Amino acid sequence: MQNTKVWFVTGASKGLGLALVRLLLSLGHKVAATSRNVGELEKVVGAQGGGVVEGWGELLPLQVDITKDESVKEAVRKAVEQFGRLDVIVNNAGYSLFGSMEEVSETEFRQSLDVNLVGPVNVIRAVMPFLREQQSGHVINISSLAGYKGYGNAASYCTAKFAMVGLSESLAEEVKAFGIKVTVVAPGYFRTSFLEKGSLVIAKNRIQEYGGDQLLAMMDQMDGNQPGDPDKLVKALVRITEDKNPPVHLLMGPDAYQSVTEKRKGEDAEFEAWKHVTVSTDF
């Protein structure tokens, strides 16, 4: 394969991360794949201890706690030692915390931000010296439809995913002079394990007045019936890394496109309705 790249993918043992790793290996790319449980990663991908896996390309499974800076730096160091460079970084690891702001504890909120936001920041800081020295690379941050539109009972997740969009925009400005690309991807509902136990965490302090049980029942019904095809999504991710001018923002799924564009129309209307107040504040 002439365009073989070295990919660094977090959250690789399930969901979109697993689908992406399987695709990359089948295409002959080299992959450093991270998970909190490297044994589970090796099991689901089909690897036996890393290195060259017959029929799957070249894989380096890495056990990493992305919330720990030193753990991330060590993983990046091992990946560079194994493959000599890094080309595409995919910040995919994350989970959703379900609960209203009143229900979610400080500890639960901070843990959610540690994984969904601080973890990707740790990865970016660790890889950037190598990408900057190479004068090349592509950072792909997985945000969400919830990074553009706030949802009740998901404020902690929306907080992190909104922040991922702003982080990506800022990073893109900082690194474009070094030939490094940045894309923030916002998927809608895709048929992965994201609504299952482990990926969806429920706040321990339940307050019935918020109607969380009904919403959880709806999400349970949606699980396994999401409209998005994860295999098509990860193929699109590979395609944008082959483009000379990849997008900074990429919505994935008709549901994401419809929801975000409709929300922005509503924002524009609200801005105009209150423009008389907005423009009244100068000396």
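So for the sequence shown, this note's numbering puts the first residue at 2; every next one is plus one. Glycine included, every Cβ here is placed at the ideal spot set by N, Cα and C. Values in this document were obtained by computation on a predicted structure and should not be read as measured data.
Pair within 7 Å by beta-carbon distance, residue i and residue j
i      : j      : result
ILE125 : ALA94  : no
ASN117 : VAL185 : no
LEU24  : VAL235 : yes
ILE181 : GLY138 : yes
ALA156 : MET102 : yes
THR11  : THR35  : yes
ALA218 : VAL105 : no
VAL32  : VAL45  : no
VAL183 : VAL140 : yes
ASP256 : GLY153 : no
VAL7   : VAL77  : no
ALA173 : GLY148 : no
VAL81  : ASN123 : no
Residue i - DSSP class collapsed to helix/strand/coil
i      : result
ALA33  : strand
GLY189 : coil
THR5   : coil
ALA13  : coil
GLU59  : strand
GLY52  : Model confidence at GLY52 stands at a pLDDT of 48, short of 50, so the residue's coordinates are unreliable; what they give is reported in the following sentence. Correct three-state label for GLY52: strand.
VAL280 : coil
GLN83  : helix
ALA94  : coil
GLY254 : coil
Local Cβ density within 10 Å of residue i, reported as buried at 16 or more and exposed below that
i      : result
GLY50  : Low confidence applies here, because GLY50 scores a pLDDT of 45, under 50, leaving its location unreliable; read the following figure in that light. The residue is exposed, with fewer than 16 neighbouring Cβ atoms inside 10 Å.
LYS266 : exposed
MET253 : buried
PRO121 : buried
PHE9   : buried
PRO62  : buried
PRO231 : buried
TRP275 : exposed
ASP88  : buried
GLY229 : buried
VAL278 : exposed
ASN145 : According to the sequence shown, residue 145 is Ser rather than Asn. Label assigned to SER145: buried.
GLY56  : Since pLDDT at GLY56 reaches only 45, below the 50 mark, its modelled position is unreliable, and no value is offered.
GLY212 : exposed
Residue i versus residue j: straight-line alpha-carbon distance, rounded
i      : j      : result
ASP1   : ALA20  : Outside the displayed span of the chain (2 to 284) sits residue 1, for which this structure offers no information.
VAL53  : LYS79  : Per-residue confidence for VAL53 stands at a pLDDT of 44, beneath the threshold of 50, marking its modelled position as unreliable; no derived number is given.
PHE99  : PHE284 : 45 Å
ALA13  : GLU41  : 10 Å
GLY151 : GLU210 : 20 Å
ALA48  : GLU71  : Bear in mind that the predicted position of ALA48 carries a pLDDT of just 49, short of 50, making it unreliable; the figure below should be weighed with that in mind. When rounded, the distance between both Cα atoms is 25 Å.
LYS162 : PHE131 : 26 Å
PHE179 : ARG133 : 6 Å
VAL261 : ILE241 : 21 Å
TYR258 : PHE84  : 37 Å
Chain C within 7 Å of residue i, Cβ atoms only
i     : result
ALA13 : No chain C is part of this structure, which consists of one protein chain only.
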